[in-house]
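The structure appears right after this line, and notes come after that.
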Amino acid sequence: MTPRVRFAPSPTGYLHVGNARAAAANALFAARHGGVFILRLDDTDTARCRPEYEAAIAEDLRWLGLAWQEGPLHQRDRLARYAMAAEALKASGRLYPCWETEEELSFKRQQRLKRGLAPIYDRAALALTEEQRARALASSRPPHWRFRLSDGHAEWDDLVLGQRAVKLGAVSDPVLIRADGTPLYTFASVVDDIDHGITHVIRGEDHVTNTGVQRDIIASLGTNPDAMRFAHLPLLVGADGEPLSKRIGSLSLRALRGDGIEPAALLAYLARLGTSSDIAPAGWDELVAGFDFAAFSRSAARFDPAQLLALNRRVLHALPFEAVRARLPEGATETFWHAIRGNLDMLSEARHWWDVVAGAIVPPPIEEEGERAFLAEAAAQLPAGTYDGATFKAWTGALAEATGRKGKALFRPLRLALTGEEHGPELKDILPLMGRDRAYLRLTQAAGGVS
Ligand code: GLU
132 MTPRVRFAPS
142 PTGYLHVGNA
152 RAAAANALFA
162 ARHGGVFILR
172 LDDTDTARCR
182 PEYEAAIAED
192 LRWLGLAWQE
202 GPLHQRDRLA
212 RYAMAAEALK
222 ASGRLYPCWE
232 TEEELSFKRQ
242 QRLKRGLAPI
252 YDRAALALTE
262 EQRARALASS
272 RPPHWRFRLS
282 DGHAEWDDLV
292 LGQRAVKLGA
302 VSDPVLIRAD
312 GTPLYTFASV
322 VDDIDHGITH
332 VIRGEDHVTN
342 TGVQRDIIAS
352 LGTNPDAMRF
362 AHLPLLVGAD
372 GEPLSKRIGS
382 LSLRALRGDG
392 IEPAALLAYL
402 ARLGTSSDIA
412 PAGWDELVAG
422 FDFAAFSRSA
432 ARFDPAQLLA
442 LNRRVLHALP
452 FEAVRARLPE
462 GATETFWHAI
472 RGNLDMLSEA
482 RHWWDVVAGA
492 IVPPPIEEEG
502 ERAFLAEAAA
512 QLPAGTYDGA
522 TFKAWTGALA
532 EATGRKGKAL
542 FRPLRLALTG
552 EEHGPELKDI
562 LPLMGRDRAY
572 LRLTQAAGGV
582 S
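Under our numbering, residues 132 to 582 are what the sequence shown spells out, in order.
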């Protein structure tokens, strides 16, 4: 059997690390088992869904390197199908009409809480007589429709969490159809999962109660809920242990991309966070080969931006020129990339190093007379001809000889004058890229009046 999985975001906002992690798990699982990864947009809530979010979701998934084989499917294209499924449930008595207003429901909830009861729906509409219901249906006010949950528990063997049970009596009968006739996600999702032959539902732990409810709905539609496997990924928390939801804006894929995080770093991080595998740079094939629900911990996973940044550095340092060429400054060469990549936290910093070797920089002024004299001497000693990897050593060797300087006293002023920075890539690599003329100009400028 070919596994079929889906990632089903609602286009009501940008993707964040929480849902990107679910997307990655779906895509990796499908790839690992020769399955099909489907992108579905849960867009029945027309008031909150927006086309720009839809486009952004597709763009962000592509950026992260997740390719879907089917979709994007839209729930809004399938309203007639959901209506048909709802009719079947009405006929079997599982879907019943309710007329309570929001105010009434909220009042009832408060009353129950005061009496120490769980604030769930009291099924008052289910208690109407046939006659009362017929009269209400004939009235002008359209009802919303609730699903009558079974008694007892919904149980399943979760691929991550193990044996799980949801006590259905502790949950409100869910509204599946709004008064305006549109279906809610809870229902549309079940109909889609059945119709699209979904074999594994992989999503966040926040959906565990939904799974209990949805398995009951699946059964009511005549499908065996055990034919579908469920895997719930434990929640992500911040480094402080707080749920990530509060800072989710800054943890959108867009924001991380803007901050200079590499997609390969984020994917490797999300794929292995909360698992027994090491957080380390890993390509797609490696992530696929290592993907296993059994490796996931059952407790919350800590999303640590510092850890992500450290991984980003390691990923950058190993990236081949071809992978970054298009994002480097115009004219940047492979030699340049190899010289600087080990010094980057983020790719955007390449711009600065390109200015150092091929453009103009403004080094900090050097005030000390002795230092300036040394730099004038360094300029005078610059070798003629073409520069290569050996030039720096030959030059500084001669300079040490002439000035008696060594170590930091020798190299620090050179680095400062040539690059404007205290730290950076090896000067022996930078010097040939910079060339004699640029080096001479920087050194004499730094030397100021002394020449
Ligand atoms: N639209 C739902 C969400 O974004 C989908 C959950 C699911 O995977 O079923 O939470």
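Cβ coordinates follow ideal geometry from the N, Cα and C atoms, glycine included.
If you look at R360, you'll find it isn't in any alpha helix (DSSP H); it sits in the beta strand (DSSP E) that goes 360-364. For A155 against L197, the beta-carbon gap comes to about 6 Å, under 8 Å, which counts as contact. Across the structure, I188 and L146 are spaced so that their CA atoms are roughly 6 Å apart.
According to the DSSP assignment, E465 belongs to the alpha helix (DSSP H) that extends over 465-471. The shortest CA-to-CA distance from G551 to any of V487, R309, F424 is the one to V487. Assignment of beta strand (DSSP E) within the segment 132-213, counting only whole runs of 3 or more residues, yields 135-138, 167-172, 201-205 in chain order. Assigned with DSSP and collapsed to three states, R429 falls in coil, not helix or strand. In the three-state scheme derived from DSSP, where H, G and I count as helix and E and B as strand, D304 is classed as coil. Between L404 and R152 the beta-carbon gap is near 7 Å, inside 8 Å, which marks them as a contact. Relative to the non-hydrogen atoms of the ligand GLU, the Cβ of H338 comes within a distance shorter than 7 Å of at least one.
Ranked by Cα distance from D304, the options A395, F361, Y227 are led by Y227. Look at L292 here: in three-state DSSP terms it is coil, with no helix or strand label.
Counting only the Cα atoms, S430 lies some 18 Å from V297.
Within the same chain, Cβ atoms closer than 7 Å to the Cβ of V419 are found at L159, A162, R163, the five residues on either side in sequence being excluded. Per the C-alpha coordinates, the member of W199, G501, C229, R272 positioned closest to L259 is C229. Straight across, the Cα-Cα distance linking V446 with P412 is about 6 Å. Taking 7 Å as the cut-off, the C-beta of Y316 counts as close to a heavy atom of the ligand GLU. Following the DSSP letters along the chain, one finds V339 inside the alpha helix (DSSP H) bounded by residues 339-351. As computed with DSSP, G335 is found in a beta bridge with L364. Closest in C-alpha terms to A285, from the list M215, S383, D347, comes D347. A straight-line Cα-Cα distance of about 56 Å links R181 and R567. Counting C-beta atoms within 10 angstroms of its own C-beta, G389 has fewer than 16 neighbours from the protein chains shown and is therefore classed as exposed.
For L226, the uninterrupted beta strand (DSSP E) segment begins and ends at 226-229.
Excluding the 5 residues flanking it on each side, A217 has same chain C-beta neighbours closer than 8 Å at L226, W276, L307, I308, P314, F318, in chain order. Shortest Cα-Cα distance from D323 to any of G343, I349, A301 involves I349. The Cβ-Cβ distance between L547 and A570 does not fall below 8 Å. CA-to-CA, the gap between I471 and A540 works out to about 24 Å.
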